[in-house]
Every structure is written in structure tokens, then in C-alpha cells.
Amino acid sequence: MISAFFIFNQKGEVLISRLYRTDLKRSIADVFRIQVVSNSDVRSPIITLGSTSFFHVRVNNLYIVAVTKCNANAALVFEFCYRFISIAKSYFGKVDEEAVKNNFVLIYELIDEINDFGYPQNSETDTLKTEESSKITTQATGSTSWRRGDVKYKKNEAFVDVVETVNLSMSAKGTVLRADVDGHIQMRAYLSGTPECRFGLNDKLVIDKNEHGSGDAVELDDCRFHQCVRLDEFDSSRTITFVPPDGEFELMRYRSTSNVKLPLRVYTHIKTNFSNKLSATNVVLRIPTPLNTTGVDCKVPNGKAKYVPDENVVVWKIPRIQGGQEVTLSASAHLTSTTNRQVWARPPIDVDFQSNYHSIKWVRYLTKASGSYQIRF
Amino acid sequence: MSGQGGQDAKFFQRGKIQEFRAELAAPRKIVANITMGNDMSALFTDVVQCLGTPLLEIKKMVYLFLICYGRQKADQIHLVIPSFLQDCNDRNPLVRALAIRTMSYIPTPVVIEALTEPLRHCLKDRDPYVRKTAAICVAKLYTADPRKAEKGGFVEMLRDLLLDPNATDGVIFKLNLTVANKLLTALGESSEWGTIYILDSLLRYVPEKHVDAEIMAERVIIQLQHANSAVVLTAIKVLLYLMNYMENRRLMEYICKKMGPPLAAPSVLKNDVKVFFCKYNDPIYVKLAKLEIMYRLAREENAREVLAELQEYASEVDVDFVRKAVRSIGRLAIKVEPAADSCIQALLELLETKVTYVVQEAVIVTKDVFRRYPGKYEGIIPKLCENLDLLDEPESKAAMIWIVGQFADRIDNADELMDDLTYTFLDEPVEVQLALLSAAVKLFIYKAQSDTSKALVHKVLKWATEEVDNPDLRDRGFMYWRLLAINPTVAGEIVLAEKPAITTDADRMDRGALDQLLLHTGTLGSIYHKNPETFIRNAAGKALTDSPALNPLSRQEPRKPSSSAAPATNNLQVASQPSNGSSSDLMGTSASQEGVDGEGDGEGDDEDIESPAAPADPYANLDNAFGSYIADEPRPQTKDLLLQVF
Numbered sequence: 001m002i003s004a005f006f007i008f009n010q011k012g013e014v015l016i017s018r019l020y021r022t023d024l025k026r027s028i029a030d031v032f033r034i035q036v037v038s039n040s041d042v043r044s045p046i047i048t049l050g051s052t053s054f055f056h057v058r059v060n061n062l063y064i065v066a067v068t069k070c071n072a073n074a075a076l077v078f079e080f081c082y083r084f085i086s087i088a089k090s091y092f093g094k095v096d097e098e099a100v101k102n103n104f105v106l107i108y109e110l111i112d113e114i115n116d117f118g119y120p121q122n123s124e125t126d127t128l129k130t131e132e133s134s135k136i137t138t139q140a141t142g143s144t145s146w147r148r149g150d151v152k153y154k155k156n157e158a159f160v161d162v163v164e165t166v167n168l169s170m171s172a173k174g175t176v177l178r179a180d181v182d183g184h185i186q187m188r189a190y191l192s193g194t195p196e197c198r199f200g201l202n203d204k205l206v207i208d209k210n211e212h213g214s215g216d217a218v219e220l221d222d223c224r225f226h227q228c229v230r231l232d233e234f235d236s237s238r239t240i241t242f243v244p245p246d247g248e249f250e251l252m253r254y255r256s257t258s259n260v261k262l263p264l265r266v267y268t269h270i271k272t273n274f275s276n277k278l279s280a281t282n283v284v285l286r287i288p289t290p291l292n293t294t295g296v297d298c299k300v301p302n303g304k305a306k307y308v309p310d311e312n313v314v315v316w317k318i319p320r321i322q323g324g325q326e327v328t329l330s331a332s333a334h335l336t337s338t339t340n341r342q343v344w345a346r347p348p349i350d351v352d353f354q355s356n357y358h359s360i361k362w363v364r365y366l367t368k369a370s371g372s373y374q375i376r377f
Numbered sequence: 001m002s003g004q005g006g007q008d009a010k011f012f013q014r015g016k017i018q019e020f021r022a023e024l025a026a027p028r029k030i031v032a033n034i035t036m037g038n039d040m041s042a043l044f045t046d047v048v049q050c051l052g053t054p055l056l057e058i059k060k061m062v063y064l065f066l067i068c069y070g071r072q073k074a075d076q077i078h079l080v081i082p083s084f085l086q087d088c089n090d091r092n093p094l095v096r097a098l099a100i101r102t103m104s105y106i107p108t109p110v111v112i113e114a115l116t117e118p119l120r121h122c123l124k125d126r127d128p129y130v131r132k133t134a135a136i137c138v139a140k141l142y143t144a145d146p147r148k149a150e151k152g153g154f155v156e157m158l159r160d161l162l163l164d165p166n167a168t169d170g171v172i173f174k175l176n177l178t179v180a181n182k183l184l185t186a187l188g189e190s191s192e193w194g195t196i197y198i199l200d201s202l203l204r205y206v207p208e209k210h211v212d213a214e215i216m217a218e219r220v221i222i223q224l225q226h227a228n229s230a231v232v233l234t235a236i237k238v239l240l241y242l243m244n245y246m247e248n249r250r251l252m253e254y255i256c257k258k259m260g261p262p263l264a265a266p267s268v269l270k271n272d273v274k275v276f277f278c279k280y281n282d283p284i285y286v287k288l289a290k291l292e293i294m295y296r297l298a299r300e301e302n303a304r305e306v307l308a309e310l311q312e313y314a315s316e317v318d319v320d321f322v323r324k325a326v327r328s329i330g331r332l333a334i335k336v337e338p339a340a341d342s343c344i345q346a347l348l349e350l351l352e353t354k355v356t357y358v359v360q361e362a363v364i365v366t367k368d369v370f371r372r373y374p375g376k377y378e379g380i381i382p383k384l385c386e387n388l389d390l391l392d393e394p395e396s397k398a399a400m401i402w403i404v405g406q407f408a409d410r411i412d413n414a415d416e417l418m419d420d421l422t423y424t425f426l427d428e429p430v431e432v433q434l435a436l437l438s439a440a441v442k443l444f445i446y447k448a449q450s451d452t453s454k455a456l457v458h459k460v461l462k463w464a465t466e467e468v469d470n471p472d473l474r475d476r477g478f479m480y481w482r483l484l485a486i487n488p489t490v491a492g493e494i495v496l497a498e499k500p501a502i503t504t505d506a507d508r509m510d511r512g513a514l515d516q517l518l519l520h521t522g523t524l525g526s527i528y529h530k531n532p533e534t535f536i537r538n539a540a541g542k543a544l545t546d547s548p549a550l551n552p553l554s555r556q557e558p559r560k561p562s563s564s565a566a567p568a569t570n571n572l573q574v575a576s577q578p579s580n581g582s583s584s585d586l587m588g589t590s591a592s593q594e595g596v597d598g599e600g601d602g603e604g605d606d607e608d609i610e611s612p613a614a615p616a617d618p619y620a621n622l623d624n625a626f627g628s629y630i631a632d633e634p635r636p637q638t639k640d641l642l643l644q645v646f
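Just so you know, the sequences run in chain order A and B. When we follow full-length UniProt numbering, the leftmost residue of the first sequence carries the number 1, and every step to the right adds one. When we follow full-length UniProt numbering, the leftmost residue of the second sequence carries the number 1, and every step to the right adds one.
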């Protein structure tokens, strides 16, 4: 299991160092610094030297490192590192060198609480925050380790956000290489006591592809639940039953590849592909330009387009675009002949947008693209 | 701290709170210095005096200090024991847990001795958090001093507690069905990490009946929908393990189907490679892994898509990625025959780019393509020859030289090319030198009349045998020389003999190895495609334990070397009788167990008569140790070996 946990800054200085087992020395940190931090050839998040393996995750120029000397469960180690990051985020707001240095005592307390003898332990933020009081003792081991028993609200409320991220990768010829939807159901529960909640999904939903739904069924390829969901009940009766943690959490996550209707098509112009009752907001197109571009003249009917020399892209922002609409960008770039012939990676055109609508109160739907709505050219 | 008492006076002017703040700051400074690697052990006695503090935060920091230097200061650690024991009886369960946790992190005899009693109490503490901490302390105690842990009855107590049996690594519980079921019930109520440990521990359970495995699998399968990827992967590992003990085909197919989605997407693995197409901003290691999967999934039906995608990647900027993409195009040509034409076309286009590393990769794979489809694509040789000057890496250079030598009869100016290439013979790496040597001989055999080739082969042979220190090269040089001197015609037949066809079978893993790796799903071993015992010291291998429920197909002995060892020949026969319960020794997890069983078989079995000399003559088995090496006697194998050399 995890023998040691470190946090390094970009220069390779140790910010946090905690050995969980005696099979390693503190100086193992130097090995990591020499072999990984100051070695630019390293491209893998796992390095094994002899029988010692270093797992690292980079976040804001920090290295979060777990070291093990056994055939560790790699998924577990990475889950632990990422969990640490999310806990740190909820404690300090951000995870960077300054935050780690400012809170190192708390971090030591935390990593001792979430990991004992190299085995990750309860790591729900909600539970950890009660640590000051001794209530943690019953909660960390109880059957609903993610929730305090004594939560009270005057007004009981719960909000559900359905956030769907559309991923697209389209070839230069306009064929869709892959398109899928990643959905997250985010819930904010402010409920008293330990309420049991049920979450219903409508009949159009087909989770197992063998079950045949109606023609316009939405088929989910895969769905995963927060640990509070009773998986056995979902398996037998398809109801999502759970005692929610207090506050915000991700209830469910799903993926669908069938019937993905692309909301935006990008040719030499953009065409919206949804009903005109809806609109997309904050549409941002990032069109890469060759590295030797000196300037770009852009003409757009809608929004603003601007050449950003630092990033070598033309950024076209459209604050709002209605369904069924088409907009065109015409631009000409001025290129210079340069002496340094750096190869241009030809990054794809990147599209960001948001589109949200409310169906009923408490529930909000949001469709967006974040970084992987890409059109190659 | 008491040493600096003289400076404390100033705090009194500003009130008591300040005093506390200052006190808080000192341990902070110390902890920060420990982190930076500054040796703080000199402060040991001073810090220890702070232990009595009622402030939890300071106590924690002091404990952290003790964990860091406790082992180093073993001679002074007894000073702390009274405070530890006091904390072990504190009213606050947090403090109790903290105390035993800290003590168990300091594995010196004094501390362990002191820990025994409080730990026993804590295992029965009324507070579950303390009990949980205590359970893990038992694991730590066991690692530090296994004898004490067992003598103290802790393992037994832990078994009663059964909170987290996996934490006691080293203690191997053989789970029986009741215990396994109890664990499964706990699955629903444990935290995500607990779920992982429980699932992992299920691998220790050996089902005796098909139906046991099947029922268990049905209870594990729901965990595939957990949000924690480690839970999902561990659940998959358990399911794969249990499937070895199942009979119900339908259930097994159902499980396979269920496992698809969380891994990537449904039925992808058969029909849709698209999921593995790289995104522009994927990290490089993900891209490389996807590339490999794409190649492995490539078949006739999707070869076109895959090729188009690979071509796309070949024009990216990351050198490693491009190289692998180019290589994959060639491997695709070798793997999927109908796609070979278009793959070659793609490779030719890549040659046009004149980018050094692209050309080099293309040349390397083209060599393999030539061997896979003899007589089909030699027409592109001239194109390859145009790029001779771009090759500067040994592997690509050797590949090109091989091509020139092998097809010297089709390349008009082969002797000129070879002459150029041999110019730097003595400075080349061995790989290239070997290739040059073979190519020069081939050239001579093709063009025996040409004076250039005659001079060339003479020159190279002389270099190889006289000027080079590498024994491989020298021996090969001598061999060629004698071959050519004795009978050039026969030499020609041997050197240019038909080569064994190459396939992509080498990419496939053999079933035994795969079975073993599947038991390590989700761990480092599965990432490196290696069994853990091969790269981690002290790591134990895993193998399927035999039981009446084990499927005949899973029953194969996975590791060949052990079966060819002398005592195992006997066991192998036992193992092939499925009803025989004693065959478990073959699948045994520990070497010692195998040894004991082997002896037992030897004494009791009549079959042993077949090799009565074996125990008597200790050197009887040594024949094998030298392999089939017999000097000066021609053997068919040697010829095969030679062929591989050419």
C-alpha cells in the first residue's frame, strides 16, 4: 500500500512529507526530485525504480506524490491522490504552493486522518470537517459515513443540476469521429436529519442496452453513483435510493453515445442545430492560426472576434445565439516568413458553449462543452 | 521550550492568549523544518515536555514529531510512554485513537511492549472509531513483530472484529464461505475504501462449488456502478477471478457484458475503435496507450478508419507519439492483409515528408512488411533508398542495410550503396555492424562477379574478425568467412534461404500469463503487463487455487519453467486428473507448500519408479542445464538459429 505521501513544488522542494511505513526513508523524496521533477523526459504518471513506485498527479505546479513498494492497486492510489486534492480544495479554496505552505499543519492532520498505515480511510469532506468535535468517531465508522446525524435546517431544500458535457471530435472532412455526452447530476441537499431520498428517471431511459425501450429512448452506456446510493436497490428495482451527504455532491454520472444530436455544427460557418426556443450562450470559438501569424482581419456578423497573439488563436465570442441560426466568420491572416521553423501542431478548433433551461423548479439543466468539442481541420 | 524560559516574560504584557499563540507557533516551526529535511531530533527532550498539553492541535504536532524521530531516539522514548498511556485512557475517543495510532507508528521494542495492553482494551473500546484505529494498529504491530502479535492473540481478536481483515497484510486468512458472506453483507455499508479492501480480500476465498462463486458474483456485480474507479476495477478483478470457478455460461456472458461499460463503452471492444481515438489535449501517456489499443482492436472491417486516424497522428508534433503512429501503420499492414496496400501507400506518403524521425520509423516497419509479404512491395525500394542519408539511428540504419542486402539483386547500385554505408563501419554501433556484415555477404552472393562486392565483403570480413572487439560480431565474421571459403554455393543457399514468415502473434499474450495478470487487475502489475514478482522484491505471485469448482480451462499450469523442473514432472500428471484433490499443490501459492507436497508424492507414488535413479544421482538432471549445446555436431536447430541471424 502507500508507504509515503509527499507534496513537492515545481522546483522539487518538499512541502509535505509523511511516511506511513518504515520500508522507506525520508530521503526517497530526493529520488523523486532527481528522477521526475528535474527530468523532463518523464511522461508517465507512474515511475517504477527498482521495486519502488512513484505515483504523481500534477496540480497547479504542485506534485502530489504517493510512493509504494508493493504491487499497489494503482486505481486506488490515484483515487487517493485526487481525493486529497478535492479535500484540499474544499478546505483552502485552491491547491497551490501558497495554500499548502499556509496550511501545512492542517494538511498533516488531514493526511493522517484519511490514511492510516498506507490504507486510505474515510475521506468525505463533510465528515472530516466535524473533526474538531469528537462526533467524527461515530460518523467515520457508521453506516452512513458521509453524513452527520444531527443536521438541521429551518427550510428543507434540495436542488438538482443536470450538467451534460458534449464531447465531439470531428475530422477535417466533417465526419464525426466520436460524439458522446457525459452527464453529471449534481445535487445540493439542505435537509434535516438523515432523510432517505429517491430519485426517479423517466421511462425513456434505457440503462442496459439489452432492454428495448421505445424509439426515442435515451440509452445510457454507463452510469455510476456516489457511494451513498444503494447499489443493490438500483440493481433490483432501478430506483436510486440514498441518504445524501449534507451540501453539494455528485449524485450520478453517466455517459451516452447513442442519438447524440450535435447542438452546433462548424463548417466555415456555425449552424445551430436545436429548436429556436432555446439559445446557446457564451459561445466561444478558438480557431488556431499558424505560428508565424502577425495579424488577422476578422469580420463577423455576431459577437466579437479577436486575434490573440500569445496563444496563436482567433477567439470568436458570441454572447448569445438562437436555435436555427447560422453565423459566418471570415478572416484573413497575415503570415510572415520566419527564420525559426517550429512545426505547427495544428490544434483543432475548439468550441465552448452553454445552454440551459429549467424544466421544473429545483431542477436545472445545463448543456455545455468544456474543452473537448473539437473540430480538426 | 523550558530552556527558553527566560524570554517568556514579554508574553505577560500582552495577555494569556498571546502566550498560547506563541506556544502554537513553535511546534509549527519544528514540523515545517522536519518537512524541509532539517534534522530536529536534538529537540527531542524539549518537545516531549509539551505532551501534557490539553490542546489537541499541539498534541498532534508533538505526536508527528515522535513518529519522525521516535525510532531514532529509541534510548529516550521511554520518557514518553507514561504520557502515551495516559492518553490511551483519555475520555476523548479521538485522543485514545491518536495515542495508539502514534504508538504503533513507532515500532521500537519499548513502545510495542507498552502498546500491547492498551491495544487490547482499544480493540474492545465502545467507540467504533477507536476500534477501527486499533484494528489497523494490529496490522502495524504484526509488521513490526509478528510473533508478538500472534502470541498476544491479536490476530484472533481481529478475526472476531472482522472489521478490515485486509489491513493485516501478511496474515493470510483463508476465507471460508460464512466469513465471505459476512464481508459481502458489509459491502453495502462500508465506505468506498472499505469496499475496496473487502473486495480484495474476496480473492482469498476459494469457492468449492460453482454455485457459490455465481451467487457471490451476483452480489459483487452491483459495485461496477460505483463512482470510485478503484472500486470498479477491484470488482472487475474479483469477477474475473470468480469466473474461473463458474459453470453457468449465461451468467458469465452477462458479467462480461456488464464489465464492458465501466471500462470504456459497450461492445466497443469488438465494433467500435472510435472511443480510443485520441483527443488533441489527451496527456501523452494516454495517447500512447490509446494508440496501442487501436492497433490491437484493428481488424479488416475497421482498418480503414484506424489507418486514417493513424495518418492524422503521424503529422502531429510530439516525436514519440508520431513514431508510434508510424510504426503502428506498418504493424497494421502486417496484421491486416487487406489493408496492407493502403498502409504501404500511407508509409510512402510519410517518406515524402523527409522528417527524419518519421522516415526512420517508416523504414523500420517497412522492413517487416517486406518479410511479411515477400515479393509484393519490393517496388518501393528505390523510394526508400532515396532517404538513405536521413537515417542516423542504429535501428533504422540496420533496417535499411538489411533491405539493401536482402534485395541487392533488385537494386542496381547496391554495391555503391553498400560501399558508402560501410565507409564508417568501425564507428558504427554493433547493431549496424552486424547488419552490414550480413548485407555484405548477401551482396557478394548475389553479385559474385562484381569486383566491388568481392572487395567489399573481404574488407568487411577482415574488419569484423580483426579490428572489432565484440565477440558476436567476430564469431559471425568467422562463420561467414568459413562458409564462403568451403562452399560458396551452399553458403548462398543457407544465407538466402527462405525465411520463416513473421506474424503479429508475438503481440498476443499466452493464456497462462494472461490468467495470472488478470488476478492483478488494477494494480501496478497490470499496468506494466508483468507479474509483480518479476519486478518487485518480495512480491508474491498469485495463482488460482484449485477446488472442485475450478474450470478445466483455468486449470492449466501457468508457469512453464516450474513444470519442467525435476520434481514437478510427477506433479503434472497428478494435476491432469481433475478429480484429484491433491493437485492443488501445482497451483499452490507458496513455494514451500509445493516442496512439501512434492516430497509426499515422491514417497507415496508408485509412478516414481520410472525414474529411480533421480534421487540417487544428484547430477542426473544436469544434462538439461547445458541445454542442447554439443560442440561440433551439426543439428537442425542450429540451422534455424542461423536463419534468424540472417
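C-beta atoms are modelled at their ideal positions from N, C-alpha and C, and glycine is treated no differently. This one's a predicted model, so the numbers in the text were calculated from it and none came from an experiment.
Just to confirm, are N302 (chain A) and I318 (chain A) a CB contact at a threshold of 7 Å? If you number the first sequence from 1, residue 302 (chain A) lands on position 302. If you number the first sequence from 1, residue 318 (chain A) lands on position 318. Yes.
Pull up the distance between the alpha-carbon of S171 (chain A) and that of Y119 (chain A), whole angstroms please. Within the first sequence, numbered from 1, the residue matching residue 171 (chain A) stands at position 171. Within the first sequence, numbered from 1, the residue matching residue 119 (chain A) stands at position 119. Cα to Cα, the separation comes out at about 45 Å.
Of the residues that make up the stretch 478-497 of chain B, which ones have a beta carbon closer than 8 Å to any beta carbon in chain C? Reference to chain C is not applicable here, since the protein chains of this structure are A and B.
4-residue-minimum alpha helix (DSSP H) runs that sit fully inside the stretch 49-120 of chain B, ordered along the chain: 56-69, 81-88, 93-105
Using the beta-carbon count (16 or more within 10 Å), is F5 (chain A) buried or exposed? Locating residue 5 (chain A) in the first sequence gives position 5, counting from the first residue. Buried is the call here.
Boundaries (first-last residue) of the beta strand (DSSP E) holding D180 (chain A): Within the first sequence, residue 180 (chain A) is the residue found at index 180, counting from 1. Counting along the chain, the beta strand (DSSP E) containing D180 (chain A) begins and ends at 176-190.
Which chain B residues are close to Q10 (chain A), counting only those with a beta carbon under 7 Å from its beta carbon? Locating residue 10 (chain A) in the first sequence gives position 10, counting from the first residue. What Q10 (chain A) touches in chain B: nothing, since even the nearest Cβ is about 16 Å away.
Could you round the C-beta distance between P195 (chain A) and V243 (chain A) to whole angstroms and report it? I think they count as a contact, below 8 Å. Reading the first sequence from its first residue, position 195 is the one you call residue 195 (chain A). Reading the first sequence from its first residue, position 243 is the one you call residue 243 (chain A). That pair is a contact at about 7 Å.
Would you call Y153 (chain A) buried or exposed, if buried means 16 or more other Cβ atoms sit within 10 Å of its Cβ? In the first sequence, counting from the first residue as 1, residue 153 (chain A) sits at position 153. When all chains shown are included, Y153 (chain A) counts as exposed.
Close beta carbons around Q311 (chain B), own chain, < 6 Å, minus the five adjacent residues each side: Translated into positions along the second sequence, residue 311 (chain B) becomes position 311. Answer for Q311 (chain B): A346, listed in chain order.
What does a CB cutoff of less than 7 Å around R101 (chain B) pick up in its chain, not counting 5 residues either side in sequence? Looking up residue 101 (chain B) in the second sequence gives position 101. Taken in chain order, the residues that qualify are T133, C137.
Inter-stretch contact at 8 Å, needing at least 3 Cβ pairs: the stretch 279-295 of chain A / the stretch 323-340 of chain A: yes
Check K140 (chain B) in the structure and name its three-state DSSP category. Stepping through the second sequence from its first residue, residue 140 (chain B) is reached at position 140. Looking at K140 (chain B) - three-state DSSP - the assignment turns out to be helix.
Please go through the stretch 73-106 of chain A and give each complete beta strand (DSSP E) segment of 3 or more residues, from N-terminal end onward. none
Coil, strand or helix - residue 647 (chain B) by DSSP: Nothing can be reported for residue 647 (chain B): it is not among the residues displayed for chain B, which extend from 1 to 646.
Coil, strand or helix - L43 (chain B) by DSSP: Mapped onto the second sequence, residue 43 (chain B) falls at position 43. Correct three-state label for L43 (chain B): helix.
So does the stretch 262-280 of chain A actually touch the stretch 221-231 of chain A, counting three or more Cβ pairs closer than 8 Å? no
Counted within 10 angstroms of its Cβ, other Cβ atoms place T422 (chain B) as buried (16 or more) or exposed: Sequence index remark: in the second sequence, residue 422 (chain B) carries index 422 (1-based). Result: buried.
Could you tell me whether the stretch 182-191 of chain A touches the stretch 186-203 of chain B, using the rule of 3 or more Cβ pairs below 8 Å? no
Same chain only: Cβ atoms within 7 Å of C81 (chain A), ignoring 5 sequence neighbours per side: Here residue 81 (chain A) refers to the residue found at position 81 of the first sequence. F55, V57, I64, A66.
Which chain B residues sit within Cβ distance under 8 Å of Y108 (chain A)? The sequence position of residue 108 (chain A) within the first sequence is 108, counting from 1. Those are V31, K60, M61, L64, listed as they occur along chain B.
Just by C-beta distance, which residues in the stretch 204-227 of chain B are closer than 7 Å to chain A? I222, Q223, Q225, H226, A227
If we call anything under 7 Å between Cβ atoms a contact, is S315 (chain B) one with L291 (chain B)? Against the second sequence, residue 315 (chain B) aligns to sequence position 315. Against the second sequence, residue 291 (chain B) aligns to sequence position 291. Contact: no.
L233 (chain B) beta carbon less than 7 Å from that of I255 (chain B): Locating residue 255 (chain B) in the second sequence gives position 255, counting from the first residue. Locating residue 233 (chain B) in the second sequence gives position 233, counting from the first residue. Cβ distance not < 7 Å, so I255 (chain B) and L233 (chain B) don't count as in contact.
Using only the alpha-carbon positions, how far apart do E305 (chain B) and F353 (chain A) sit? Here residue 305 (chain B) corresponds to residue number 305 of the second sequence, with the count starting at 1. Here residue 353 (chain A) corresponds to residue number 353 of the first sequence, with the count starting at 1. Taking the straight line joining both Cα atoms gives about 29 Å.
Less than 8 Å between C-beta atoms, sequence neighbours within five positions excluded: which residues of the same chain meet that for H520 (chain B)? For the purposes of this step, residue 520 (chain B) is taken as the residue at position 520 of the second sequence. Once the five neighbours on either side are set aside, the close Cβ partners of H520 (chain B) are K237, S526, N531, P532, K542.
Of all the options A:G183, A:K299, A:R21, A:V327, which has the alpha carbon lying nearest to the alpha carbon of R364 (chain A)? As a working note, residue 364 (chain A) is residue 364 in the first sequence. Checking every option, the nearest Cα to that of R364 (chain A) belongs to A:G183.
If you pair each beta-carbon of the stretch 484-504 of chain B with each one of the stretch 371-381 of chain B, do three or more pairs fall below 8 Å? yes
In chain B, what lies closer than 9 Å to Y91 (chain A) by C-beta? Counted from its first residue, the first sequence places residue 91 (chain A) at position 91. Simply none; closest approach about 15 Å.
CB-CB under 8 Å to I445 (chain B), same chain, minus the five flanking residues each way: which ones, in chain order? Reading the second sequence from its first residue, position 445 is the one you call residue 445 (chain B). Within the same chain, I445 (chain B) has close Cβ partners P488, A491, G492, V495, L496.
For E79 (chain A), decide whether its Cβ has a neighbour in chain B, counting only Cβ atoms nearer than 7 Å. Position 79 of the first sequence, counted from the first residue, corresponds to residue 79 (chain A). Judged by the 7 Å Cβ criterion, E79 (chain A) is in contact with chain B.
Whose C-beta lies closer than 7 Å to the C-beta of F425 (chain B) among residues of the same chain, with five residues either side of it excluded? Reading the second sequence from its first residue, position 425 is the one you call residue 425 (chain B). Closer than 7 Å at Cβ, skipping near neighbours: Q433, L436, V460, W463.
One question on the structure: do S51 (chain A) and K69 (chain A) come within less than 7 Å of each other, judged by their Cβ atoms? For the purposes of this step, residue 51 (chain A) is identified with residue 51 of the first sequence, where counting begins at 1. For the purposes of this step, residue 69 (chain A) is identified with residue 69 of the first sequence, where counting begins at 1. Contact flag set, yes.
Close Cβ partners of G12 (chain A) (< 7 Å) along its chain, the five nearest in sequence each way excluded: Looking up residue 12 (chain A) in the first sequence gives position 12. Excluding sequence neighbours, G12 (chain A) sits near R33, V37, S38.
If you draw a straight line from the C-alpha of R18 (chain A) to the C-alpha of N103 (chain A), how long is it? Locating residue 18 (chain A) in the first sequence gives position 18, counting from the first residue. Locating residue 103 (chain A) in the first sequence gives position 103, counting from the first residue. Using only the alpha carbons, I get a separation of about 15 Å.
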